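Read in order, the letters of the sequence shown are residues -3 to 86 in the numbering used here.
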Amino acid sequence: MRFHACNILKMSEYTFTGYFENQVLRKRPYLKKAWCIRICQNPLKVEPQENNRFRFWGSVTELDGRILRVVTLKDKKTIHNAFPDRRFNI
């Protein structure tokens, strides 16, 4: 996948919590930060979650089209968690 300059600038707007860096990527080493950002930028669905967080869902072509759920903090730019969501429904 190629990233255009505008996409690289958008990627720099996102940060990752220590939990994501130290736990999520350790438990799910196949996950890519770029996938999480892409889902936040172009989600299939978004909804608020408890504790001032937001859930974003999106399809990941590189995972055979599986749905990934990405959880952000209230700013919608700090990614806290991500995992495949087998129960996703629009």
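The beta carbon of each residue, even a glycine, is placed where N, CA and C say it ideally should be. Keep in mind it's a predicted model, so treat the numbers as computed, not measured.
Is it buried or exposed for residue 0, if we count other Cβ within 10 angstroms and need 16 for buried? Reliability fails at residue 0, whose pLDDT of 49 lies under 50, so the model's placement of it is uncertain and the value that follows must be treated cautiously. So residue 0 ends up on the exposed side.
Determine the direct distance from the alpha carbon of residue 22 to that of residue 28, and round the result to whole angstroms. The alpha-carbon atoms of residue 28 and residue 22 are separated by roughly 12 Å.
Skipping 5 residues on each side, what residues in its chain have a beta carbon closer than 8 Å to that of residue 46? Closer than 8 Å at the Cβ level, and outside the excluded window around residue 46, lies no residue.
What are the residues that DSSP puts in a beta bridge with residue 20? For residue 20, which the question treats as bridged, DSSP gives no partner whatsoever.
Every unbroken alpha helix (DSSP H) inside the stretch 17 to 71 [4 residues or more]: Entirely contained in the stretch 17 to 71, the alpha helix (DSSP H) runs reaching 4 residues are, in chain order, 29 to 37.
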